[in-house]
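Number of protein chains: 2
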Amino acid sequence: MNSLDELTHELFTFFNGFSSWENSVIKTSELSVSEAHAIEILGTHGQMKMKTLAGHLGVTTGTTTVTVDRLEKKDYARRESVKEDRRIHLITLTQKGQQAFAEHHQYHSNLTEQILSVLSNEENEQLINLLKKINAEAF
Amino acid sequence: MNSLDELTHELFTFFNGFSSWENSVIKTSELSVSEAHAIEILGTHGQMKMKTLAGHLGVTTGTTTVTVDRLEKKDYARRESVKEDRRIHLITLTQKGQQAFAEHHQYHSNLTEQILSVLSNEENEQLINLLKKINAEAF
DNA sequence: ACAATTAGTTTGAATATCAAACAATCATCA
DNA sequence: TGATGATTGTTTGATATTCAAACTAATTGT
Numbered sequence: 010m011n012s013l014d015e016l017t018h019e020l021f022t023f024f025n026g027f028s029s030w031e032n033s034v035i036k037t038s039e040l041s042v043s044e045a046h047a048i049e050i051l052g053t054h055g056q057m058k059m060k061t062l063a064g065h066l067g068v069t070t071g072t073t074t075v076t077v078d079r080l081e082k083k084d085y086a087r088r089e090s091v092k093e094d095r096r097i098h099l100i101t102l103t104q105k106g107q108q109a110f111a112e113h114h115q116y117h118s119n120l121t122e123q124i125l126s127v128l129s130n131e132e133n134e135q136l137i138n139l140l141k142k143i144n145a146e147a148f
Numbered sequence: 010m011n012s013l014d015e016l017t018h019e020l021f022t023f024f025n026g027f028s029s030w031e032n033s034v035i036k037t038s039e040l041s042v043s044e045a046h047a048i049e050i051l052g053t054h055g056q057m058k059m060k061t062l063a064g065h066l067g068v069t070t071g072t073t074t075v076t077v078d079r080l081e082k083k084d085y086a087r088r089e090s091v092k093e094d095r096r097i098h099l100i101t102l103t104q105k106g107q108q109a110f111a112e113h114h115q116y117h118s119n120l121t122e123q124i125l126s127v128l129s130n131e132e133n134e135q136l137i138n139l140l141k142k143i144n145a146e147a148f
C-alpha cells in the first residue's frame, strides 16, 4: 500500500470512528440527529434566521421548518419575530436548548480528552497545529 | 479559551468539514447516503451476510433488507445463497458496484491529496503517525 | 403602485428507520 | 428421530427525514 492510500485509510477510519461515536451520543438523548445538529449550530453561532440555519445544516428551508417545528414543540427553541422585517423569524435556543447544547459540548470535551490520553504532550501540540492548518486551508 | 476547548473546536471543525464534503460527494452520484455506505463497506471488507452488513452500518437487519433491495434493483449488488446454511445470503458487489466503490475511493484519495497539499513532508509524517495512534487506541 | 424578489411554510412523494411479528432453516438433545 | 429452541433474514406498520415545487406574506426597486 502506498503512502497516499495509507493516509486515506487512516483519515477515513478516523472519520468513521468520529461518526459512530457522534451517533451513539445523540441516541442517548431524546433528540434526533437533525435536531441535535440544529441545536449545535444555534449554540455555537447564536440566534439566526431560518435561511441561515438551513445553510449551516446543508438542507432546504422546507426541511428546516419541520426541524424547528419539532424543536419548538419540545421547548428547545423558539421563533422570534423582528420588527424591521416581518418576514424574518429568528430562531433562538430556550433555556432547555442551551442546557442541551452545554451537555453536548461536554460530551465533545470528553472525546477530546479520550483522544489526548493516548498522546504525549508533544503529539498534542502537533495535532492542534495540524488541525488548525488543515481547517484553515484545506476545506 | 483553554487548550482543551481549542482542540475540541478544531477536532469538530475538522469532522464537520469532512462530513459536508462526504455528503456533497454522495449527492453527485445516483446513490443515497445509506446505499453509498453499504457499497463502501462491501468494497472494503468483501462479501458478507446481511447481519454482518447491518452491524457495520449500525442499523437493524430490517433496514438493511430495504437498502440491499434497492442496491439489487439498481444492479450494484446481489444476494448469493450458501449451500452450507440456506438461511444465509451473502451480499456481493456486482461489476457496477465495484466500479462505484473504486470511484468513491478515488474521491477519498483526492481529498487526502487536497489535505496533503497544505502540509510539509514533516507534517505529513506527523499526521499519519497521530492518526494511526488515535485510531488504534482512542475509539 | 406594482413588478420582482425574498423569507418562510405547506404539500406530495420518496427514502430511512425501528420494533415486533413472521417464515425458513439449523442445532441440540432427550 | 423428532420436538424444541435459536438464528437469519423478510415483512409490516408506524414515524422521521428530506426534497422540489407551489404557495403566502412581506419587502424592495423602479
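Quick mapping for you: the protein sequence lines, in order, are chains A and B.
Per the numbering used here, residue 10 is the first one in the first sequence, and the count goes up by one each step.
Per the numbering used here, residue 10 is the first one in the second sequence, and the count goes up by one each step.
Where a beta carbon is used, it is the ideal one built from N, C-alpha and C, also for glycine.
Simplified DSSP state of residue i, which is helix, strand or coil
i, result
"Lys58(A)", "strand"
"Ala147(A)", "coil"
"Ile97(A)", "coil"
"Leu140(A)", "helix"
"Ser38(B)", "coil"
"Thr53(A)", "helix"
"Asn11(B)", "coil"
"Ser129(B)", "coil"
"Thr69(A)", "coil"
"Val91(B)", "coil"
Residue i classed as buried or exposed, judged by whether at least 16 other C-beta atoms fall within 10 angstroms
i, result
"Thr53(A)", "exposed"
"Thr72(B)", "exposed"
"Thr17(B)", "buried"
"Thr121(A)", "buried"
"Gly55(B)", "exposed"
"Gly67(B)", "exposed"
"Gln145(A)", "This sequence places Ala at residue 145(A); Gln is not what is there. Flag for Ala145(A) reads exposed."
"Ala111(A)", "exposed"
"Glu31(A)", "buried"
CB of residue i within 8 Å of CB of residue j, strictly
i, j, result
"Asn77(B)", "Arg88(B)", "The sequence as given places Val at residue 77(B); Asn does not occur at that position. Yes."
"Val127(B)", "Ile35(A)", "no"
"Lys99(B)", "Val91(B)", "Per the sequence presented here, residue 99(B) reads as Leu, with Lys not at that position. Contact: yes."
"Thr70(A)", "Met57(A)", "no"
"Ala147(B)", "Ile124(A)", "yes"
"Lys141(B)", "Glu19(A)", "yes"
"Leu139(A)", "Leu102(A)", "no"
"His113(B)", "Glu49(B)", "yes"
"Ser118(B)", "Leu13(A)", "yes"
Per DSSP, cross-strand counterpart(s) of residue i
i, result
"Leu102(B)", "Ala86(B)"
Distance cut-off 7 Å: residue i Cβ against heavy atoms of the ligand ZN
i, result
"Ile137(A)", "The model depicted lacks the ligand ZN and carries no ligand whatsoever."
For the pair the region 40 to 53 of chain B and the region 79 to 86 of chain B, tell me if three or more CB-CB distances fall below 8 Å.
yes
Would the region 127 to 139 of chain A count as touching the region 18 to 30 of chain A if we require 3 or more Cβ pairs under 8 Å?
no
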